[in-house]
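Just so we're aligned: the sequence shown equals residues 15 to 165 in our numbering. Notes follow once the structure below has been shown.
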Amino acid sequence: MDCYTCRNNQQISTLPPRELVAADEHWRIAHAFDTALPGWLILMPRRHVVSIADLSAAEAASLGTWQVRLSRALRAVTGCAKTYVVQFAEQEGFAHVHFHVVPRMPDLPADRRGPRIFTYLAAAEDQRVNEQRQDDLAAALRTQLDHADLG
């Protein structure tokens, strides 16, 4: 299978914390593996979907709830001022629909705001959030999600 997301979804029970921040029957959340920005999350369907228009009614119904829950958890854990939610799914090998849920920190330089936040993605190896930090953030986010209320 040439879909990175589907390969990971098939082995969900053995994924490290950074690849399984949270999940339900429709969605899985992971920390981005190639980012220099701590807390950059990826929200992806558990089944192979290449267009938002192809989401099931149940997937669509829970999408907004996940976006809000993740944004609140990121605010609590990272102190971000807001989150950006972006979806393209155009990169080779990553056509599986996925949403970037990105913490926009209060001190983020003006030249990195909005779509320029993507300068933090595909970062050089020595600038990336390391796996231990990703796992630590995943654990903190999971704890926050477990105790958060949408009310």
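Just so you know, even glycine gets a beta-carbon here, dropped at the ideal spot from N, CA and C. Since this is a predicted model, take the numbers as computed values, not measurements.
Q | Residue interval of the alpha helix (DSSP H) (run including residue 147) | A | Counting along the chain, the alpha helix (DSSP H) containing residue 147 begins and ends at 145-161.
**Q.** For residue 112 and residue 16, the rounded distance between their alpha carbons
**A.** 16 Å
Q | Exposure label - residue 32; buried when at least 16 CB within 10 Å | A | Residue 32 should be labelled buried.
Q. If you run the structure through DSSP and keep just helix, strand and coil, what is residue 120?
A. coil
Q. From residue 94 to residue 57, what distance separates their C-alpha atoms?
A. Spanning the two alpha carbons is a distance of roughly 18 Å.
Q: Determine the DSSP secondary structure at residue 64, reduced to helix, strand or coil.
A: coil
Q: Give every residue of the same chain whose Cβ lies closer than 6 Å to the Cβ of residue 92, excluding the five residues on either side of it in the sequence, and list them in chain order.
A: Hits under 6 Å: 53 and 117.
Q: Mind listing, in chain order, the continuous alpha helix (DSSP H) runs of no fewer than 4 residues lying wholly within the segment 33-99?
A: Here the runs fully enclosed are 71-92.
Q) Hey, residue 45 and residue 148: beta-carbon distance below 8 Å or not? A) yes
**Q.** Where residue 132 falls: helix, strand or coil (DSSP)
**A.** helix
Q. Mind checking whether the beta-carbon of residue 110 lies closer than 7 Å to any heavy atom of the ligand FMN?
A. The ligand content of the structure shown is nil, which means the ligand FMN is not present either.
Q | Residue burial classification, residue 73 (beta-carbon count within 10 angstroms, cutoff 16) | A | Residue 73 should be labelled buried.
Q: Could you tell me whether the segment 124-142 touches the segment 17-25, where touching means 3 or more Cβ pairs closer than 8 Å?
A: no
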